[in-house]
Each structure stands twice: as C-alpha cells, then as structure tokens.
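For the protein sequence lines, the chains are A and B, in the order given.
Numbering follows numbering that gives the first Met the number 0, in which position 123 of the first sequence is assigned residue number 122; successive positions increment by one, without gaps.
Numbering follows numbering that gives the first Met the number 0, in which position 131 of the second sequence is assigned residue number 130; successive positions increment by one, without gaps.
Think of the CB as a built atom: it goes at the ideal place given N, C-alpha and C, for glycine as much as any other residue.
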Amino acid sequence: MMTPFTTLCSTAVPLLRDNVDTDTIIPSREMKSTGRNGLADGLFAPWRYTDVAARVPDPDFPLNQPKAQTGQILLGGANFGCGSSREHAVWALAEYGIRCIIAESFAPIFRANCIRNGLLPITLDRSVVNSFGWQTLDVSLFAQTVTAAGIVHEFAIEDEPQLMLLEGLDAIALTLKSLPEISVWTTNDRARRPWVYTGSPA
Amino acid sequence: MQVREAPHLATWPMIISPKTLFEKIWDTHHVSQTAGGAHLIAIDRVFLHERTGAAALKSLAASGRPVCDPTRVFAVMDHIVDTRPGRGDGTLMEGGSAFITETRAAANAAGITLFDVNDRDQGITHVISPELGIVLPGVTLVAPDSHTCTQGALGAFAWGIGSSEAEHAMATGVLRLDRPKTMRVTFTGTLGFGVTPKDMALHLLATHGAGGGAGHVVEFAGSAVSGLDIEGRMTLCNMATEFSAMTAIIAPDEQTFSYLAGRRYAPAKFDDPYWALLKTDEGATFDREIVIDASTIAPMVSWGTSPEHSMAISATIPQGPDSAHAYIGLHPGTSLLGTSIDAAFIGSCTNARLSDLRRAADLLRGRHIAPSIRKALVVPGSSAVKRAAEAEGLDKVFIAAGFEWRASGCSLCFFAGGESFPEGSRTISSTNRNFEGRQGPGIRTHIASPETVAASAIAGVIADPREVV
Numbered sequence: 000m001m002t003p004f005t006t007l008c009s010t011a012v013p014l015l016r017d018n019v020d021t022d023t024i025i026p027s028r029e030m031k032s033t034g035r036n037g038l039a040d041g042l043f044a045p046w047r048y049t050d051v052a053a054r055v056p057d058p059d060f061p062l063n064q065p066k067a068q069t070g071q072i073l074l075g076g077a078n079f080g081c082g083s084s085r086e087h088a089v090w091a092l093a094e095y096g097i098r099c100i101i102a103e104s105f106a107p108i109f110r111a112n113c114i115r116n117g118l119l120p121i122t123l124d125r126s127v128v129n130s131f132g133w134q135t136l137d138v139s140l141f142a143q144t145v146t147a148a149g150i151v152h153e154f155a156i157e158d159e160p161q162l163m164l165l166e167g168l169d170a171i172a173l174t175l176k177s178l179p180e181i182s183v184w185t186t187n188d189r190a191r192r193p194w195v196y197t198g199s200p201a
Numbered sequence: 000m001q002v003r004e005a006p007h008l009a010t011w012p013m014i015i016s017p018k019t020l021f022e023k024i025w026d027t028h029h030v031s032q033t034a035g036g037a038h039l040i041a042i043d044r045v046f047l048h049e050r051t052g053a054a055a056l057k058s059l060a061a062s063g064r065p066v067c068d069p070t071r072v073f074a075v076m077d078h079i080v081d082t083r084p085g086r087g088d089g090t091l092m093e094g095g096s097a098f099i100t101e102t103r104a105a106a107n108a109a110g111i112t113l114f115d116v117n118d119r120d121q122g123i124t125h126v127i128s129p130e131l132g133i134v135l136p137g138v139t140l141v142a143p144d145s146h147t148c149t150q151g152a153l154g155a156f157a158w159g160i161g162s163s164e165a166e167h168a169m170a171t172g173v174l175r176l177d178r179p180k181t182m183r184v185t186f187t188g189t190l191g192f193g194v195t196p197k198d199m200a201l202h203l204l205a206t207h208g209a210g211g212g213a214g215h216v217v218e219f220a221g222s223a224v225s226g227l228d229i230e231g232r233m234t235l236c237n238m239a240t241e242f243s244a245m246t247a248i249i250a251p252d253e254q255t256f257s258y259l260a261g262r263r264y265a266p267a268k269f270d271d272p273y274w275a276l277l278k279t280d281e282g283a284t285f286d287r288e289i290v291i292d293a294s295t296i297a298p299m300v301s302w303g304t305s306p307e308h309s310m311a312i313s314a315t316i317p318q319g320p321d322s323a324h325a326y327i328g329l330h331p332g333t334s335l336l337g338t339s340i341d342a343a344f345i346g347s348c349t350n351a352r353l354s355d356l357r358r359a360a361d362l363l364r365g366r367h368i369a370p371s372i373r374k375a376l377v378v379p380g381s382s383a384v385k386r387a388a389e390a391e392g393l394d395k396v397f398i399a400a401g402f403e404w405r406a407s408g409c410s411l412c413f414f415a416g417g418e419s420f421p422e423g424s425r426t427i428s429s430t431n432r433n434f435e436g437r438q439g440p441g442i443r444t445h446i447a448s449p450e451t452v453a454a455s456a457i458a459g460v461i462a463d464p465r466e467v468v
C-alpha cells in the first residue's frame, strides 16, 4: 500500500534544467545498500553539496534555500529523470519529502517509477512550469489541476495511474486478482509458443 | 476492479494486416484490459543484475510472493563486479560485495538462473542475453536497466523498467501498461567509410534531441539498418533510451534467425509461421516518422553533458546550455578535433562486442597510445567476447598498444564509488552517457565509436578515425 495522493499544497522548488538525469538525482556511489532506504542524504549530491564527501551544502542549490525547506513540489525542465532506470532516484526523492514533480516532460522509466511510489508526475507547458517557481501551489489529482495565485491549470494523466495514485494501490496485489485469466492465457500460450517456455537450456 | 475480455488471437495467421511489428507483438501478448484502461501484457523474460536486482528479489521475498515462473527469469553480475584479473566477490566500490552476495542468495532462493561472477557465460546483461539466445524475436523481455532497449535489435519488445516493475513481472508474469505511441526512424542509403551504428545513434540524438523519442516504441528501418550486422543493430538500439524512447525494435530477418538458431536457450530452427509475421506490414502507420539519409552522417563525438550534445567530428561546437560548456570546459565555436584527452575507454553494452573490439584493434595494431594518455581500458562485453577476442589475439594488440585488458563487466561506463579515471580527466569513451560525473566526479566524457576512441587514444587528442591510415 502506497501513501495515496489526493491533494497537496506546498512550495514549488525550481530546478529548471533540461535533461536532469537519474545519475545526478542519485549518483551510483550514493546507492550504498541493497535496499530502498537511506538514499535521501545522497539526493542530488553533486549539485547539493560543494564537498560531497564532507556533505557541505551549496547554499545556491534550490533545495538548500531556506524557503525550500517545506517544499514538496519540484519543478523541472524537459526530459526530467532521463538516463539510468534506477528506481533509487524516486526512492531518494520520496524519502527526502518530494511528493510531486512538475516538468515539461519526463523520461518514461522515471515517470513509471514515480507512479509506483506515490509521487505525482505532472506535465505542463514550459512557460507555465517556469512561472511556478517558489509559488505555493494547490495540486488536486482528482480534479487534475494545479492552482497558482488563483489561476487554475489543468493537466492530463491516464486513468490507471490516476487511480493507482489516488487510492495508493499496490499494483502487484491488484494484478494478482487477475491471476486466473493470466493462467488461462499462459496455458494457451504454452501450446502456441512452446519455445518461450524452454527456461532450461534447449 | 472489472476486467474486460480482450479479443484473443488464437492462431497467428488471424492477425489482421496492416500492423507494425510492435503492434503484432503487443497484440500477441495482450492478456486483458483493466478497468482503468491499462493493458495486462504478458512478459516472456525477466533479466536482473546485481545493482537493481537484489532490491527487487528481496522485496518480493519479503512480501511472501513467489516468482511465478523462475525458469523465465535470469540474473547476472555485471554492474559493479571487479574487472581486474583473479576477481572474486570483492569490489573496488566500497560495500559493493553485498550487492553480489545478496543477489546470489536471493537468486538461488528464488530458483532463477544466475550467471555468477566467474561463470563462463557472465557478461553485461544486454551482451549475454543475445549470446545465449535468451532474447528471441517476438518475445517480451524486461530488465531493471535502461539499456534493455539494446535487445530490440533481435526483434523483441524489450524495455527497461524500475525495480518495482521487475518485482511485478516476476510475481504476476505480466505488466500493467498504457499503450505506447510508435515511431519509425528510417535510415536510407548507406553509411560512409568509417561511420558506424554509434554515429547513427548520436546523429539522431543531435538532430532530434534527448527527448525526441518521448516514450515511443521506435522501429529502426531502412537500407542502412538492414545492412547492419546484428551487433551493429544492438549498438543502434542501445541508445534509444538516450532518445527517451520506451524502446527500439528492428524487424528480424534471415541474419537475425541464423544468429540465434541453436544458441543455448533458442530454438534450433525458426520454422514456425509466427516468425515470418514479425515485420511491419505495408501500409501500417506510425504516430511519428523520421527519415535520415545515412550517407550524410559523419563520425560523431559528444561535446557536452547530454548525448544530444553530439556533433560531427569535424564541426565546431554549437551553443548549448551554459552549464554544459562550463562542465566540459569547451567554448562554442571551437573545434573538438585536436582537443587533448587524458583517458580512453572501450567497453559497455553499447560497444564492447567482438566486432567492436576487432574494429578498434584494426586501428591500434602496430601502434601505441599517446604518452599523455594516463589510463586506457578495454573491457569486453562478456566473458565469451573476451575468450573469442583472445583466440584471435586481440588482447595482445590492445596490450601492445598500451591498453589494459580486463575481465567483462560494465566497468567505467559509470562511476560506482570505486575505480575512476585520474582526477580531472577528459575521456574518450565508447559508452552511452556523457552526463556530469557519470564516469567520476569532475570527469569530462566524450562518447564516440570504438574507432574514434582508438584513433584518439593514438593521437592523444580527439581524432578522426578516417584519417588513421
């Protein structure tokens, strides 16, 4: 069960660069354990710290600014979350406290990882995203709106991700309910494509 | 949740034309549609590696869910394994051996097939999967690794996912997907002398951007694609994730079937009617089409911090984001040719197959890298590639030229906290990503073909491989 995402009112922290990659969001060297925890400290390590080893914060990095301390919304440019499929990038963001990312566009694996972890990825026009910097935004997933300074911006999201996020659904538990039909399909498929099922060497 | 019954494709010839190759694979793996409009798509193969696989396997075990068909799940140690001689579970990355030992324990407990550190078949996921015939035309294959798109070169629908999705595929045998959009990128004509599939990929990125693929399934087609050998097709498909595509795919042809036939997990013969259907029908439409004249492509090198920051090797550096110029230390309007480099790397799932090593060795034979090169590595893509290269004496060519010859793994395609290049190095690298810090803090990476890496290592500066005679 994920934490459901319904509404969020928070400060939008601008990180308005294109092609922010998951190596930067969580460098490989910061992925020190085989689990999903303990990653927030390494979030954006190359940009967030002037001395990564000593963890000296860079005061100019947006997340380090005093007004970002309660910010749960991150703003990005085009192709946010590109690069490695590492879900650790989303785990790090979630552990740090980010619940929503608004960007011009997202890399597909990163976006799917957000949805599986209760983080809402919102796509809006570049000029709109840029106008949100440091504003307090009201996000409603049910209404599919972001409200900034009284202006309502609608965003699109597919039905299934919306439902998964709104209800905090566990995708595996949900799919396991379809196991009978999956089994039937697989039985038929074994007859059609036996070569797929030669898991042990042919 | 209500589940609607999807039209079932009982026999393959009933597939109604015209459809794209991707649509045919999608339809033949379609189990049902969910109330939310997503689709349950059957997953034929899951491939894990130690960097992200342990998390998925451990989480699955902790939830008490078994792997639904362990015979179709594979794992390999590639990401952080040591590539120096005599390796064991120890890693240069501090704490890295836990990833290896925990993946091994979890893989054994789950009953999946593991290619361990010193297994004969060990290698980079996307190199060994085709070598062993685990990926096949028309199958669905997922791995928690973005470069899984490489395997689309064999005509599979293969794509990278997160750890949670890997867990989902192992537990249920399906993934919940929204139907992706489709794109065809047609390379017409023929490639010029010294121009490689890597240059095709970098050219596409330079002209259409790192977000240009935007979640599409990209079919590569055209005479310059069908003219590539299987390994070259893998290089081209490998960088589809750099294009932000969901994945890439190339229609299988006689070359594909003869490459795979008889490999360990592949059929001995591809004689089922299913295989003949695996092509895009005449008249099938794509959401987007891009056409590129392959004869206009030059050897490419990246100049900045995104793969889209790539250019023809003899061009001048364009104006890009200030942050990219600042990190890479090169100004717009200047030339890349002649830029001093400190290190060279030949490896990765992009360019470390036997043909890549042969072409690089051809340039290095009888030559030596420049004295200014402080580190030069060749890391074969798999243990099988390493053995085959050694049987041809390629290892001796590289060593005589001043390269180190390593055991197989992902190695310095990325910095995991252990081995890196000398501080402040500018590297020329046959890998796929030139992100800030990708190969180590402050390391400036230029990605290019193995030929360009070899030519540049000889010259000590970024050099055009066509001019090495």
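Quick check on alanine 447 (chain B): does DSSP put it in helix, strand or coil? Looking at alanine 447 (chain B) - three-state DSSP - the assignment turns out to be coil, as it is neither helix nor strand.
Which of the three DSSP states, helix, strand or coil, is assigned to cysteine 470 (chain B)? No answer is possible for residue 470 (chain B): the residues shown for chain B start at 0 and end at 468.
Taking only beta-carbon positions, decide if aspartate 158 (chain A) is within less than 7 Å of chain B. Chain B, which has a Cβ nearer than 7 Å to the Cβ of aspartate 158 (chain A), makes this yes.
Under three-state DSSP, which class holds proline 230 (chain B)? Position check: residue 230 (chain B) holds glutamate in this sequence, whereas proline was assumed. Three-state DSSP puts glutamate 230 (chain B) in a helix.
Counting along the chain, where does the beta strand (DSSP E) carrying glycine 159 (chain B) start and finish? Element bounds for glycine 159 (chain B): 156 to 159.
List the residues of chain A that valine 138 (chain B) touches, going by C-beta distances under 7 Å, in chain order. Below the 7 Å Cβ cutoff, chain A contributes Val195 as neighbours of valine 138 (chain B), in chain order.
Under 7 Å between C-beta atoms, does serine 243 (chain B) make it to chain D? The structure shown contains no chain D; the protein chains it does contain are A and B.
Quick one: what does DSSP say alanine 343 (chain B) is sitting in, helix, strand or coil? Alanine 343 (chain B): strand per DSSP, three-state reduction.
Just to confirm before moving on: does the CB-CB distance between aspartate 198 (chain B) and proline 306 (chain B) stay below 7 Å? Contact flag unset, no.
Neighbourhood of lysine 57 (chain B) by C-beta distance below 8 Å, restricted to the same chain and skipping five residues each side: Same-chain partners within the cutoff: Glu101, Ala105.
Could you list which residues in chain B have their beta carbon closer than 7 Å to that of serine 104 (chain A), in chain order? At a C-beta separation below 7 Å, serine 104 (chain A) has these neighbours in chain B: Gly210, Ala213.
Less than 8 Å between the CB atoms is what I'm expecting for leucine 123 (chain A) and leucine 92 (chain A), so what's the real figure, rounded? The beta-carbon separation of leucine 123 (chain A) and leucine 92 (chain A), rounded to 18 Å, does not stay under the 8 Å limit for a contact.
Counting only the same chain and skipping the five closest in sequence on each side, list residues whose C-beta sits under 8 Å from that of threonine 197 (chain A). Around threonine 197 (chain A): no qualifying Cβ.
Check whether the Cβ of serine 305 (chain B) lies closer than 7 Å to any Cβ atom in chain A. Yes - at least one Cβ of chain A is within 7 Å of the one on serine 305 (chain B).
Output yes if chain B places a C-beta closer than 7 Å to the C-beta of arginine 98 (chain A); else output no. Arginine 98 (chain A) has a beta carbon lying at 7 Å or more from every beta carbon in chain B.
Please compile the residues from chain A whose C-beta is within a distance smaller than 8 Å of the C-beta of alanine 53 (chain B). By Cβ distance, chain A contributes Thr33.
Distance, arginine 366 (chain B) Cα to proline 107 (chain A) Cα: Straight-line Cα distance between these residues: approximately 44 Å.
Would you check if the stretch 162 to 174 of chain B and the stretch 211 to 223 of chain B touch, i.e. whether three or more CB-CB distances between them fall below 8 Å? Result no; under three Cβ-Cβ pairs closer than 8 Å.
If phenylalanine 131 (chain A) and proline 120 (chain A) are in contact, beta carbons under 8 Å, what's the gap, nearest whole angstrom? Phenylalanine 131 (chain A) to proline 120 (chain A), Cβ: 15 Å. No contact.
Under 7 Å between C-beta atoms, does lysine 18 (chain B) make it to chain A? It does not; no Cβ of chain A falls within 7 Å.
So, helix, strand or coil for glutamine 68 (chain A), using DSSP? When secondary structure is reduced to three states using DSSP, glutamine 68 (chain A) falls in the coil class, being assigned neither helix nor strand.
Which residue comes first and which comes last in the beta strand (DSSP E) that contains glutamate 288 (chain B)? Residues 287 to 292.
Does the distance from the CB of methionine 30 (chain A) to the CB of histidine 87 (chain A) come in under 7 Å? Less than 7 Å separates the beta-carbon of methionine 30 (chain A) from that of histidine 87 (chain A).
Taking only runs of the alpha helix (DSSP H) that begin and end inside the stretch 343 to 387 of chain B, which ones reach a length of at least 4 residues, in chain order? Within the stretch 343 to 387 of chain B, complete alpha helix (DSSP H) segments of at least 4 residues are found at 353 to 363, given in chain order.
Listed in chain order, which residues of the stretch 115 to 132 of chain B have Cβ atoms closer than 7 Å to some Cβ of chain A? Answer in chain order: no residues at all.
Please state the DSSP three-state secondary structure of glutamine 318 (chain B). Residue state, collapsed to three classes: coil.
Of the residues that make up the stretch 54 to 72 of chain A, which ones have a beta carbon closer than 7 Å to any beta carbon in chain B? The stretch 54 to 72 of chain A vs chain B, Cβ under 7 Å: nothing.
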